[in-house]
Amino acid sequence: MLPKNLKFQSKVESAISRSYRTNIQPQNGTGPYQLGDTITVNIPTRANLVLVPSESYLKFTLNITSGAAANNFRFDSCGAHGVIQRIRVWSGSNLLQDIDNYGLLAKIMYDMQVSTDSAYGKMNVTSGTRSDLTASVAGVANVVSVNQTNSGDLVAQNSAVGAGAVISQTYCINLISLMGSLCSQNYFPLFAATSAPIRIELQLTSAVTNYCAVAQATLSTSTLTGCEYVAQFIELGDQAMQMIYGSLGAEPLQFVVPDWRNYQYTASLTNAVSTQVNMPIPAKFSSLKALICTTRDKGTGATTFFPYSSVSQGINNYQFRLGSQVVPSKPPDSLPEMFMEVQKSLASISDLAYQPSIERVSYSLAASTASVETGAAPTSVSSSNSGSFYVGLDLENYSGASKDTIFSGYNSNTDDIYWTPTFTSPGGVASCRFDAFANFDTVVVCENGTAYVKF
1 MLPKNLKFQS KVESAISRSY RTNIQPQNGT GPYQLGDTIT VNIPTRANLV
51 LVPSESYLKF TLNITSGAAA NNFRFDSCGA HGVIQRIRVW SGSNLLQDID
101 NYGLLAKIMY DMQVSTDSAY GKMNVTSGTR SDLTASVAGV ANVVSVNQTN
151 SGDLVAQNSA VGAGAVISQT YCINLISLMG SLCSQNYFPL FAATSAPIRI
201 ELQLTSAVTN YCAVAQATLS TSTLTGCEYV AQFIELGDQA MQMIYGSLGA
251 EPLQFVVPDW RNYQYTASLT NAVSTQVNMP IPAKFSSLKA LICTTRDKGT
301 GATTFFPYSS VSQGINNYQF RLGSQVVPSK PPDSLPEMFM EVQKSLASIS
351 DLAYQPSIER VSYSLAASTA SVETGAAPTS VSSSNSGSFY VGLDLENYSG
401 ASKDTIFSGY NSNTDDIYWT PTFTSPGGVA SCRFDAFANF DTVVVCENGT
451 AYVKF
C-alpha cells in the first residue's frame with residue numbers, strides 16, 4: 001500500500017453543468033422598506049436548476065436617521081442580522097420554515113459558532129460584527145487589564161451624529177435559513193419544485209432600539225434600500241439529471257436539514273429572592289436535537305442597551321422536564337458547568353477547532369449594562385458587553401458522533417417540555433423575557449412539482 005501522496009492519477013470528468021450568479025429584486029422593489037415591513041423575495045424555479053444556499057446572500061443598505069444630537073448606533077453581536085425579526089420560506093402555499101426572533105438566534109449562532117477572529121475580521125466587513133478588546137487602567141499606570149467586550153460594530157460612523165443626520169452602510173448576510181447556511185450540505189432542488197417560486201418573507205424589526213444600542217432616547221428612524229437576494233445557481237446538464245432521478249428509484253426527492261423554532265415566555269423575578277421559573281416549551285418533533293434558552297432583562301429593546309443581551313440574572317441552577325424525565329438528573333449549579341452543557345448542545349467540547357467568540361465576562365454578566373458612548377470614531381471600541389449567557393440541552397442519542405445518515409434526536413411528539421431554572425436576581429427586575437430555541441431535523445420532500453416538509 002502507498003500513501004495518497006504517492007498516488008498519481010488524473011480526475012474523473014464531472015457531469016456537465018453551469019454555475020452563475022443572479023441578483024433577485026424583492027417583489028415590491030429594492031426599497032425603501034420601513035421598519036416593520038416585510039420584504040418578499042421570489043426565487044424562480046425551472047427544470048435542471050438548483051440553488052446553492054450556502055453561497056447566496058441578502059444584500060441591503062441600512063439607513064438610520066438620528067433623532068438626537070451626540071448619538072451613536074452600535075449593533076449587537078449578531079451585526080446586521082439583528083434588523084430581521086422573522087423569516088419564513090414558502091413553496092406555493094406550503095410553509096417550509098418559520099423562525100421568529102431571528103436576530104436573537106443569529107446572536108446565539110455568532111456567539112457560539114463563530115470564532116473571535118472571524119467576528120473581528122471577515123464578518124465585520126459583511127455583517128457588522130465586532131468583538132473588541134478594551135484596556136482599563138487600575139490606578140497605577142503600569143497595571144492594565146485587557147478584556148474582550150462582546151458587541152457589534154458602529155453603524156457607518158466617523159463620529160457621533162447630530163439630530164436629523166443620516167448614516168448609511170451596506171451589508172451582505174448569508175441568512176440562517178433553509179435559503180442560507182442551514183442548507184449547507186445540499187443544493188436546493190428548484191427543478192423538483194416548479195409549481196411555484198420559492199418565496200422568502202423577511203419581516204423587519206419594529207424599532208431601531210430592537211436591533212442596536214442607541215445612545216440617546218429621542219426616537220430615531222431607519223429604512224432599508226438596495227435590497228437584493230444574490231443567488232448562486234447551477235444549471236445541470238441532462239446527464240446529471242438522469243443520474244439524480246436514477247438514484248431515487250420510485251421515491252420522491254427528499255433531504256434532511258437542521259431547523260430552529262422559537263418559543264417565548266415572560267416571568268417576574270424579585271430582587272434577592274429565590275424564584276423558580278417554569279417555562280413551557282411546546283416543541284413537538286420526531287427528531288429534537290437540542291434546546292437553547294436565553295434570559296433578557298430588558299425585554300426586546302431599550303434605549304442605550306443591547307436588544308439581544310441575554311444575562312444570567314443570578315441563576316442558581318436549572319433542569320429540564322421531558323415528559324416524566326428530569327434532566328440533567330443533578331442540576332448544573334455553576335456557570336462553567338452551564339457553559340459546557342450549552343457547548344455540547346451545538347458541538348463537541350473536545351473539538352479544538354470549535355471556537356465560540358464569547359468569554360467569561362459576557363457569559364457571566366448578571367444584568368445588562370448601558371452603552372452610553374457619545375464620542376464614536378471608526379476605530380473606537382465598545383466598553384459595554386452584550387450579555388451572552390445561554391443554557392443548552394443536548395438531546396441527541398449519539399453525542400459527538402456523525403449523524404449524517406441517521407435521525408438521532410429525541411422524539412418529543414407525546415411529551416410536554418419545561419425549562420425550570422432557579423434565580424436569585426441581583427436587581428429589581430419587574431419582568432424578564434425568556435426565549436427557547438428548539439433545534440430539530442426537518443425533511444424537505446419534493447413531489448409533484450411542489451416542496452413540503454415533515455418533522
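Number 3 in our numbering belongs to position 3 of the sequence shown; there are no gaps in the numbering. In this text, a Cβ means the ideal position worked out from N, Cα and C, and glycines have one as well.
- Closest by C-alpha distance to residue 89, out of 100, 79 and 123, is 100.
- For residue 119, the enclosing alpha helix (DSSP H) covers residues 116-120.
- Distance from residue 70 to residue 215 at the Cβ level is roughly 7 Å; contact confirmed, criterion being Cβ atoms closer than 8 Å.
- Looking at the backbone, the Cα of residue 272 and that of residue 397 are separated by about 39 Å.
- In the structure shown, residue 19 adopts extended strand secondary structure according to DSSP, grouped into three states.
- A distance of 8 Å or more separates the beta carbons of residue 335 and residue 112.
- At least 8 Å separates the beta-carbon of residue 102 from that of residue 288.
- In the DSSP assignment, residue 212 is bridged to 75.
- With respect to residue 392, residue 193 sits apart: the two C-beta atoms are not nearer than 8 Å.
- Beta-bridge partners of residue 97 (DSSP): 89.
- With contacts defined as CB atoms closer than 8 Å, residue 37 and residue 154 fail to qualify as a contacting pair.
- Straight-line measurement puts the Cα of residue 389 at about 13 Å from the Cα of residue 109.
- For residue 251, no alpha helix (DSSP H) segment is defined, and its DSSP state is neither H nor E.
- Residues of the same chain with a CB within less than 6 Å of the CB of residue 222, apart from the 5 flanking positions on each side, are 35, 64 and 208 in chain order.
- In the structure shown, residue 294 adopts extended strand secondary structure according to DSSP, grouped into three states.
- Between the alpha carbons of residue 432 and residue 420 lies a distance of about 14 Å.
- One Cα belongs to residue 95, the other to residue 10, and the distance between them is close to 45 Å.
- Per the Cβ contact rule, the stretch 70-81 is not in contact with the stretch 314-324 (fewer than 3 Cβ pairs under 8 Å).
- Cβ-Cβ distances below 7 Å link residue 237 to 15, 16 and 17 in the same chain, with the five nearest sequence neighbours on each side left out; the list follows chain order.
- If you draw a straight line from the Cα of residue 30 to the Cα of residue 44, it comes to about 17 Å.
- Counted as a single uninterrupted DSSP element, the beta strand (DSSP E) harbouring residue 433 occupies residues 432-447.
- Taking all protein chains shown into account, residue 412 has 16 or more neighbouring C-beta atoms within 10 Å of its C-beta and is therefore buried.
- For the pair residue 451 and residue 444, the CB atoms are nearer than the 8 Å cut-off.
- Per the C-alpha coordinates, the member of 5, 78, 116 and 395 positioned closest to residue 210 is 78.
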